Each structure stands twice: as C-alpha cells, then as structure tokens.
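Colleague:
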Amino acid sequence: MRWTQTLIPSLRNVPKDAEAVSHQLALRAGLIRQLSSGVYSYLPLGFRALLKIIGIIREEMNRAGASEILMPALHPAEIWKKSGRYETLGDDKLAFKNRAGHEFVLGPTHEEVVTDLVGTNIKSFRDLPLTLYQIQNKFRDEARPRFGVIRTKEFIMKDAYSFDTGEKGLDVNYRKMYEAYYRIFTRCGLNFQVVNADTGMMGGKMSQEFMVICPYGEDRVASSEGGYLASQDIAERANPGLKTPAPSGAAPEVFDTPNLRTIDEITRKFKIKASQMIKTLIYMADGKAIAALVTGDSEANESKLRKLLGAKELRQADGEEIREATGAPVGFAGPVGLKIPVYADWDILGIADAVTGANEKDKHLKHVTIGRDFTPTATGDIRFVKDGDLSPDGKGALKLTTSMEIGHIFKLGTRYTESIGAYFLDEKGERKSAIMGCYGIGVNRILAATIEQHHDAKGIQWPAAIAPFAVEIITVNHAEPKVREAAEKIYAELIAAGIEVLFDDRDERAGVKFNDADLVGIPKQIVVGERNLAQGNVEIKDRKTGITQAVSLDALLKDRSVLNS
RNA sequence: CGGGGUGUAGCACAGGGGUAGUGCGCUCGGUUCGGGACCGAGAGGUCGUAGGUUCAAAUCCUAUCACCCCGACCA
C-alpha cells in the first residue's frame, strides 16, 4: 500500500488531552480518529493491526474447538427480561423502542441472546458440549470513557460461551479457553499475568482476569514475591496481629465539627492523620443494618465484608437507614454506643485515642479506643489491600501495580440457562439446565496494550505478529528517477512474494520520512537512496533495535531467501 | 447525575466592547535536499448555537449544545 492511501494525518499537532501513551501514539500515527466522546473510528493502519489480532484470535479459538457465530447488535428486550439482568443494567443499557413499540437492547454483552439461541436448539446430552464465539461490536453507555481506546462506548469484543452437561465438562472447557487466551496474548507479544478475580455482577463461581501491566490501566493487581497474585478487588492479606497500644487515659470526648463530614475535611481542619480516624460505614446486610469499621486511610471492600458476615445481599445504607441506625445524618457515624452489630478491620485493633463520629449531627468523638469504648462483634480483613500489606501466604509484602484488563474468563453455572431456558435431557431422560461458561477479550484493548508495552520516544515498535505491515519502503529523494525505479522494483517484488509492504512514496525530505517511519513503527524499514544505490545497495533498518545493514539490491530482488530473512 | 474548565482557520493555541491574530499544515515561486530546511507571495474563519444588553459583541449577560477534567453519597 502506498502512503497516500493510508489516511495518515498531519503528524505534529495532537491535542494535549490525549494522556495515555497508547492514545497519543494511536492518534499521531494515524491508527484512530476521535469522532465524539468515547467514540473512535479506525483508520487503515489501525484497522490492519486489528485484523491481525482478530486473525490470531480466530485461529486459537478454532483450535480450542469453538465455532464462530455472529449475533445481531440489536436484541429483543424480552430475552433480556427473562434473565432478570435487564432491570439492573443501569448505565450500561442502551435501549430504545421502534415505531411498532417493540423494545430493543443494543447489546452490551451476549449471554442472554446466546443462551436463548442454544436453548432453542439443543435437546439431548448428545448436543453437548458446545462452545460458540463471535467477534463483534458491543455498546455500553460508559459514564466516563477514558484513555482513548482503552475504555470506549463502542468496542470490539471477542465473546465466547460454553455449554456443558456437568461441572467436569465445564472445567475442561474453561481450561481450553484459558490455554487459548494464554496463546493469543503471547502471540500478540504482550507481557501479561493471570489473576483471580471478582465474579461481580455476572455472578458465577470462579473467574480469572488476564492483566497487562501498564501505567494507564484502570485496574490494580496485588502480587507478592512468594507468587501470590490477585486482582485488588479480591486480594486478601495476612492478619498483622496488631496489639492495641495503651490509650492516653482520657475518656472519649465530644467536639464540634460543624458541616465536616468527610475524613478529608476533618483531617485537614484538625490536623489529624487519616490513619488515626475510624471510618464507620453503615451497610444493609440481608435487610439488617450493620456497621463496618476501617481506618480513615483505607477503603472498605464490600465483597470481603460480605464474606465475613456470611450475608447474601449487602449494600450501602441510604440516608434514612443511616439516621435510623445511628440517630445522626450521614457523616457522623461512630462505633461508640451503636446498637447494631459492628465489624472492625484488623487495623482498628492497632489504634488508641482514635477520632470518629459521635452519632450526633455536627459532632465527632476523640480518645476512642477499641476494647474500652466499644467492642466489635467480630474483626477481620474487610478493606482493600494496600502497598506493603502482608501477603496472605505469609511470604513478604504485597505490591500493587496498575494494570489493564484484556481478557476475562468465568465459570457461570446455570444462572442464565435456568432463567432463560437452555435445557437438555440426560442419559436417564431427566431434564437439566446446561452448565455455562463465558469468556471475553477486549480486542481493541490488545491494540492499546501493545502500544503501551512496545514504544519508545520516537513512536510505536510493532511486534511482527500484529504489525499493520511487515516492511516499509522509504525513498530518499523520491524525485530522483534511479531511486524511484529501484524502490518501485522492490515494492513490486515484495508484493509478489506476499509480503505486506507500506511504500512511503512522498516527495518529502529524508528527515520527515525517517521520523514518520519511526512513529508509525513498521518492524523493518528499507531505505532506498542514492548514496547506497551507487554501490548497488539499499539499507534495512530494524525499528526495535535500530540496527541498520546494507543489502545488495540485486540479491534482494532475485533471491527470495534474502527477502524472507 | 454533581462540580470545574474549554469552544476562535485543517490542527494546536493567543486575543477579551471599535479593521480577525500567531505557529504548524495547505497553494504558488525560488534556494535547499541521508534525521522534522529557508526566503518570498498567497488561499482559508458569519469566533459552538440561540437570544439579550449596547451606537457598536468574538469579547458583557442568559440559555443551550459539544468536548475535557474531577467526583458520585470514602461517613
């Protein structure tokens, strides 16, 4: 392809708000163009890389025994309503009615329609196992699209769904997908890790995330030298076994904090360390109010709290419920004198003379000490882990790294197959629900992650497997007939050999073309110029290493083995 | 949804009641030509949109739209 056909824009003036490296480079190198908030189009260079990625995904999915399908982007809302997830989709849901009054959902994910499809087509255990996948656009009304192509309202997803007759079959399919994902990301040249993850709103029994470490991701991974690895959402820590220091002796004392509700406001106004404060959060656990205590510099983790409580449902209490439980408006809750069960994080054991809410409007308490002034119902690990926490395996400290999620695999069980109806008759003629798993890859995130991990100050350094082109030809002084003719010959020869080549045939200065080539990042550059041509040579430069070597033009044109190497 | 910011030429930005500006890009001429050249001459904008104030609005006021950032009841 010739440069003029690639829609590579003027490469200099790029908006400053493009923060993530991958976003900045994707815009400058002409991979994408922004249309609106969180909406991007792909230009030839970016689209070609996407096609390479999709090709790798297809190969590996087929190898794992999955069959490709293509579902519509528009789903009848009735199918979604059966799953019960329609009402809770909230901000993710893009729904509308047509003129006949039929309601549709612009698919944010496809568990519902695929389960419906499978439910109407399988009858017997002989029809299973079955794994279906598709590569297609998803639509989500993201509240805040971020970092260019990393979080967008429309994105390309590879989603796969497995259906089995039993748990053992699910385990086998899950393992196959795990291995397929491992190969896909490895082939794409990504440095990644697999972490245990929260099953979140999808429900189900088990899930793992494939994470790429890069500074502009949205997620955090906790790891330790001993090999512990988990998403921050679920990462645990070992009990530090803190002993409560001796309190100063002063009894709890009320002080005025007019209109100061947040930890931030109070620490600033009274010069108290956040770690000296007890944050008291009121939750509704299976309909009953409970209090959860963490230090002022920590954040409560609801899924860990739910585990400690053994509760099925857990949500934050609303303003009215907080008033009922504490006798004070939001912002002034504290553990002293509370009549509801109190659950404290281990950290709370380590502070004496703490500051906390007084359960009275515009008042807080100081000199509060656990054991003396209040006694928790139980203590445990109920906050998000932080850098330096003890690893749960007892070996060393946890370290948090910013990461980007590029793939997620779930064991779902029968949640969807039961509610939507995907049944089969087993060997004994009994009707059973199929056991389901689902597996997703953010295809355009692979693109972003690749750029995050493979670039330098000059631009992108594409890994060969997903580079938009294998080779770029650069003419130095394109107006010179000898140069142009030699370059055209090489171009024709490379195409004849089936090599994907980008030909920078612009009549630009050498410096401009060299810099643009480095920015666009095609793995090999063939430089055709008078200087080397005089000796019958051209130069081949490796983008990644920067190593340049002279190669005989004749050899390049006549000997296919030189081309291939 | 709440708060803040920004909308001026293809792109990036300055200006702040009285002739519409700068850099990059673009066109033409010339000199250059192996790592983002230089000189000269040009083309290109009803200053996001709609109202209002004024003799006069890109500028002040009101509304509205779009985009960016922060936060969503961290008690």
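Numbering (numbering that gives the first Met the number 0), first residue to last: 0 to 564. No residue lacks a Cβ here, since even glycine has one placed at the ideal position from N, Cα and C. Note that the coordinates shown come from a computational prediction; the quantities given were computed from them, not determined experimentally.
1. Out of curiosity, what's the CA-to-CA distance linking Asp90 and Asp126?
2. May I ask you to report which of helix, strand or coil DSSP gives Phe162?
3. Taking DSSP as the reference, what is the three-state secondary structure of Gly569?
4. Could you give the distance in angstroms between the alpha-carbon of Leu424 and the alpha-carbon of Asn238?
5. Here's the rule: buried if 16 or more other CB atoms are within 10 angstroms of the residue's CB, otherwise exposed. What is Thr3?
6. Assess contact between the segment 453-470 and the segment 137-153, defined as three or more Cβ pairs (one per stretch) separated by less than 8 Å. Is contact present?
7. What's the C-alpha gap between Asp296 and Thr325?
8. Given this structure, state the Cα-to-Cα distance separating Leu411 from Gln548, to the nearest angstrom.
9. How many Å lie between Phe147 and Thr108 at the Cα?
10. Within its chain, find whatever has a CB closer than 7 Å to the CB of Gly420; leave out the 5 residues flanking it on each side and keep chain order.
11. In whole angstroms, what is the alpha-carbon distance linking Gly188 and Tyr181?
12. Considering only DSSP beta bridges, list what Gln192 is partnered with.
13. With a threshold of 16 other CB atoms inside 10 Å of the CB of Leu6, please say whether the residue is buried or exposed.
14. Which partner residues does Val526 have in the DSSP bridge list?
15. Where Gln231 and Phe191 are concerned, what is the direct C-alpha to C-alpha distance, given to the nearest angstrom?
16. How big is the Cα-Cα spacing for Asp218 and Leu493?
17. For Lys152, name the three-state secondary structure that DSSP assigns.
18. Between Ala351 and Tyr342, what straight-line distance do the alpha-carbon atoms span, to the nearest angstrom?
19. In this structure, how does DSSP classify Arg314 when only helix, strand and coil are distinguished?
20. State the start and end residues of the unbroken beta strand (DSSP E) segment that holds Ser40.
21. Measuring straight from C-alpha to C-alpha, what distance separates Arg444 and Arg145?
22. Classify Gly349 as helix, strand or coil using the three-state DSSP reduction.
23. Touch check for the segment 282-299 and the segment 251-258: three-plus C-beta pairs under 8 Å?
24. Here's the rule I'm using: 16 or more other beta-carbon atoms within 10 Å means buried, otherwise exposed. How should Gln524 be labelled?
25. Just the Cα atoms here: how many angstroms apart are Ile498 and His454?
26. Which runs of the alpha helix (DSSP H) spanning at least 4 residues fall entirely within the segment 247-299, listed in chain order?
27. Throw me the rounded Cβ distance for the Phe468 and Ile521 pair, which I believe falls under 8 Å.
28. Can you tell me the Cβ-Cβ gap for Lys278 and Thr294, rounded? I've got them flagged as a contact below 8 Å.
29. Could you name each continuous alpha helix (DSSP H) segment of 4 residues or more that falls completely within the segment 457-523, going from the start of the chain to the end?
30. Tell me the rounded alpha-carbon separation between Asp365 and Ala234.
31. Quick check for students: name the residue ranges of the beta strand (DSSP E) that lie wholly in the segment 93-142, counting only runs of 3 or more.
32. Would the beta-carbon of Ser82 fall within 8 Å of that of Ile450?
33. Can you check which of these residues, Val519, Gly45, Gly406 and Ser223, is closest to Leu580 by C-alpha distance?
34. When you compare each of Ile134, Gly406 and Ala316 to Leu69 by their alpha carbons, which one comes out closest?
35. My assumption, with CB atoms under 8 Å, is that Asp163 sits in contact with Pro128. Please give the rounded CB distance.
Modeller: Reading it off the structure:
1. Sequence index remark: in the first sequence, residue 90 carries index 91 (1-based). Sequence index remark: in the first sequence, residue 126 carries index 127 (1-based). Unreliable positioning characterises Asp90 in this predicted model, as indicated by a pLDDT of 43, which lies under 50. The coordinate reading is nonetheless provided below. Straight through space, the alpha carbons of Asp126 and Asp90 are spaced by roughly 37 Å.
2. Working through the first sequence from its first residue, we reach residue 162 at position 163. Strand at Phe162.
3. The question about residue 569 has no answer here: the residues shown for the chain are numbered 0 through 564.
4. Here residue 424 is taken as the residue at index 425 of the first sequence, counted from 1. Here residue 238 is taken as the residue at index 239 of the first sequence, counted from 1. One Cα belongs to Leu424, the other to Asn238, and the distance between them is close to 49 Å.
5. Sequence index remark: in the first sequence, residue 3 carries index 4 (1-based). So Thr3 ends up on the exposed side.
6. In short, these stretches do not touch, since the Cβ pair count stays below three.
7. Stepping through the first sequence from its first residue, residue 296 is reached at position 297. Stepping through the first sequence from its first residue, residue 325 is reached at position 326. Straight-line spacing of the CA atoms in Asp296 and Thr325 works out to 22 Å.
8. Counting from 1 along the first sequence, the entry for residue 411 is found at position 412. Counting from 1 along the first sequence, the entry for residue 548 is found at position 549. Answer to the nearest angstrom: the Cα atoms are 54 Å apart.
9. Along the first sequence, one-based indexing puts residue 147 at 148. Along the first sequence, one-based indexing puts residue 108 at 109. It should be noted that the sequence gives Gly, not Phe, for residue 147. Gly147 and Thr108: Cα-Cα distance of roughly 21 Å.
10. The sequence position of residue 420 within the first sequence is 421, counting from 1. The beta carbon of Gly420 lies closer than 7 Å to those of Gly118 in the same chain, with the five residues before and after it left out.
11. For the purposes of this step, residue 188 is taken as residue 189 along the first sequence, with counting starting at 1. For the purposes of this step, residue 181 is taken as residue 182 along the first sequence, with counting starting at 1. Straight-line Cα distance between these residues: approximately 11 Å.
12. Reading the first sequence from its first residue, position 193 is the one you call residue 192. Residue pairing for Gln192: DSSP places it in a beta bridge opposite Met210.
13. The count along the first sequence starts at 1 and reaches residue 6 at position 7. With a threshold of 16 other beta carbon atoms within 10 Å, Leu6 falls short and is exposed.
14. Position 527 of the first sequence, counting from 1, holds the residue named residue 526. DSSP lists Ile473 and Glu538 as the bridge partner or partners of Val526.
15. To locate residue 231, count along the first sequence from 1; it is residue 232. To locate residue 191, count along the first sequence from 1; it is residue 192. As the crow flies, the alpha-carbon of Gln231 is around 16 Å from that of Phe191.
16. By 1-based counting over the first sequence, the position of residue 218 is 219. By 1-based counting over the first sequence, the position of residue 493 is 494. Spanning the two alpha carbons is a distance of roughly 43 Å.
17. Counting from 1 along the first sequence, the entry for residue 152 is found at position 153. DSSP places Lys152 in coil when its eight states are reduced to three.
18. The sequence position of residue 351 within the first sequence is 352, counting from 1. The sequence position of residue 342 within the first sequence is 343, counting from 1. Each residue's Cα considered, the two are about 17 Å apart.
19. Locating residue 314 in the first sequence gives position 315, counting from the first residue. Strand at Arg314.
20. Stepping through the first sequence from its first residue, residue 40 is reached at position 41. Residue range Val38 to Tyr41 is occupied by the beta strand (DSSP E) that includes Ser40.
21. Locating residue 444 in the first sequence gives position 445, counting from the first residue. Locating residue 145 in the first sequence gives position 146, counting from the first residue. Taken atom to atom, the span from the alpha-carbon of Arg444 to that of Arg145 is near 12 Å.
22. Position 350 of the first sequence, counted from the first residue, corresponds to residue 349. Per DSSP, reduced to three states, the secondary structure at Gly349 is helical.
23. No, the segment 282-299 is not in contact with the segment 251-258.
24. Mapped onto the first sequence, residue 524 falls at position 525. Burial call: buried.
25. Taking the first sequence and counting its residues from 1, the one referred to as residue 498 is at position 499. Taking the first sequence and counting its residues from 1, the one referred to as residue 454 is at position 455. C-alpha separation (whole angstroms): 23 Å.
26. Whole alpha helix (DSSP H) segments, 4+ residues: 262-269.
27. As a position in the first sequence, residue 468 is number 469, starting the count at 1. As a position in the first sequence, residue 521 is number 522, starting the count at 1. About 5 Å separates the beta carbons of Phe468 and Ile521, which is inside the 8 Å limit, making them a contact pair.
28. If you number the first sequence from 1, residue 278 lands on position 279. If you number the first sequence from 1, residue 294 lands on position 295. Confirmed, about 7 Å.
29. The segment 457-523 contains these whole alpha helix (DSSP H) runs: 480-495 and 509-519.
30. Taking the first residue of the first sequence as position 1, residue 365 is located at position 366. Taking the first residue of the first sequence as position 1, residue 234 is located at position 235. Before going further, note that residue 365 is Lys rather than Asp in the sequence given. Their Cα atoms are separated by approximately 32 Å.
31. As far as the segment 93-142 is concerned, its whole beta strand (DSSP E) runs of at least 3 residues are 94-96, 102-105 and 129-138.
32. Stepping through the first sequence from its first residue, residue 82 is reached at position 83. Stepping through the first sequence from its first residue, residue 450 is reached at position 451. Pairing Ser82 with Ile450 gives a Cβ-Cβ distance that is not under 8 Å.
33. This structure leaves residue 580 out entirely; the chain is present only between 0 and 564.
34. Sequence index remark: in the first sequence, residue 69 carries index 70 (1-based). For Leu69, the nearest C-alpha among the options comes from Ile134.
35. Residue 163 sits at position 164 when you count from the first residue of the first sequence. Residue 128 sits at position 129 when you count from the first residue of the first sequence. Going by Cβ atoms, the distance from Asp163 to Pro128 rounds to 5 Å, so yes, they are a contact pair.
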